[in-house]
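Engineer: For the sequence shown, the numbering used here begins at 336 and goes up steadily by one.
Structure below; questions to follow.
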Amino acid sequence: MFNFFDKDKTKCFKKSVYHKKDECHKDVSALLYNFSCHIKPNWNKLVVLCIGTDRSTGDSLGPIIGSKLFHLNSHDDVLILGNLDDPVHASNLAKNIQSINLLKNPLVIAIDASLGNSDNIGKINLGIGSLKPGAGVKKNLPEVGDIYITGVVNVGGFMEYFVLQNTRLSLVMNMADVISNGLEEFIISVNKNAAKKA
């Protein structure tokens, strides 16, 4: 099990998982479970906010994950926002955040693609705190989320829009599989523990 906090339990650490590591979706699930227990153990509804657009390969990570998880919207305690048919992006992010703010005690997991150093490509970063969407392409968008997940899909620092357009789809799909499988396993573990307490 991961240790997320320092000795006085006041500082949390972000964690990274490499998408090609064996069974890495289990690491994603364990991180999400532990983060949620520490920051909001009694949440009423899980909101997975998948940010991005299907118009750019690199920025499609969020919508692909949303499409993979869309079937979970049939659960009363789960809301998946953002998918390939109805993406959450710069133009409608604020409206979606307003809708989330109307919910009673949600746990919001915000997901987006990111750019980074070449040695970080393929890493999935998870942490406690808000996600700042659009930061990699110099957009000023509202922060959102209790927990964030970002996938480093390509190199940042120059010609960001061009870089996102020229990102390998296979990398994005593989990372989307890991994150969506980890989220599904997280939801299963939450439901199992809720059933034990009932």
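Built from N, CA and C at the ideal position, the CB exists for glycine as well.
Name, in chain order, the residues that DSSP records as bridge partners for residue 351.
Structural biologist: BP columns for residue 351 point to 460.
Engineer: So residue 445 is in the beta strand (DSSP E); what residue range does that whole segment cover?
Structural biologist: Looking at the DSSP string, the run of the beta strand (DSSP E) that includes residue 445 is 441 to 451.
Engineer: Give me the residue from 430, 493, 417, 475 with the minimum Cα distance to residue 451.
Structural biologist: Nearest of 430, 493, 417, 475 to residue 451, Cα basis: 493.
Engineer: Have a look at 358, 349, 348 and flag the residue whose alpha-carbon is nearest the alpha-carbon of residue 510.
Structural biologist: Among 358, 349, 348, the Cα nearest to that of residue 510 belongs to 358.
Engineer: Among residues of its own chain, excluding the 5 on either side of residue 464, which ones have a beta-carbon nearer than 7 Å to its beta-carbon?
Structural biologist: Excluding sequence neighbours, residue 464 sits near 483.
Engineer: Sort 425, 427, 429, 400 by Cα distance to residue 415 and report the nearest one.
Structural biologist: Ranking the options by Cα distance to residue 415, first place goes to 400.
Engineer: Could you pull the DSSP bridge partners for residue 489 from this structure?
Structural biologist: In DSSP, residue 489 forms a bridge with 450.
Engineer: Taking Cβ positions only, does residue 390 come closer than 8 Å to chain B?
Structural biologist: Among the protein chains of the structure shown there is no chain B, as only one such chain exists.
Engineer: If you run the structure through DSSP and keep just helix, strand and coil, what is residue 342?
Structural biologist: For residue 342, the predicted structure reports a pLDDT of 43, less than 50, and the residue's modelled location is therefore unreliable. A value from the coordinates is still provided. Reduced to three states, the DSSP call for residue 342 is coil.
Engineer: Between the Cα of residue 439 and those of 380, 371, 373, spot the shortest distance and give me the residue it belongs to.
Structural biologist: Nearest option by C-alpha distance: 380.
Engineer: Is residue 367 helix, strand or coil when you go by DSSP?
Structural biologist: In the structure shown, residue 367 sits in a helix (DSSP, three-state: H, G or I).
Engineer: Using the C-alpha atoms, what's the distance from residue 398 back to residue 426?
Structural biologist: Those two C-alpha atoms are separated by around 15 Å.
Engineer: Given a threshold of 16 other Cβ atoms within 10 Å of its Cβ, counted over all protein chains shown, does residue 362 qualify as buried or as exposed?
Structural biologist: Looking at its Cβ environment, which holds 16 or more other Cβ atoms inside 10 Å, residue 362 is buried.
Engineer: Keeping to the same chain, check which residues put their C-beta closer than 8 Å to that of residue 458; ignore five residues upstream and five downstream.
Structural biologist: Result list for residue 458: 351, 352, 353, 354, 451, 486, 487, in chain order.
Engineer: If you follow the beta strand (DSSP E) that residue 498 is in, where does it begin and where does it stop?
Structural biologist: No beta strand (DSSP E) holds residue 498; the alpha helix (DSSP H) holding it covers 495 to 500.
Engineer: Taking a contact to mean a Cβ-Cβ separation below 8 Å, would you say residue 410 touches residue 388 in this structure?
Structural biologist: Contact: no.
Engineer: Please list, in chain order, all residues of the same chain as residue 419 whose beta carbon is under 6 Å from its beta carbon, the five residues on each side excluded.
Structural biologist: Cβ neighbours of residue 419 beyond the five flanking positions: 389, 398, 402.
Engineer: CB-CB under 6 Å to residue 444, same chain, minus the five flanking residues each way: which ones, in chain order?
Structural biologist: Hits under 6 Å: 383, 482.
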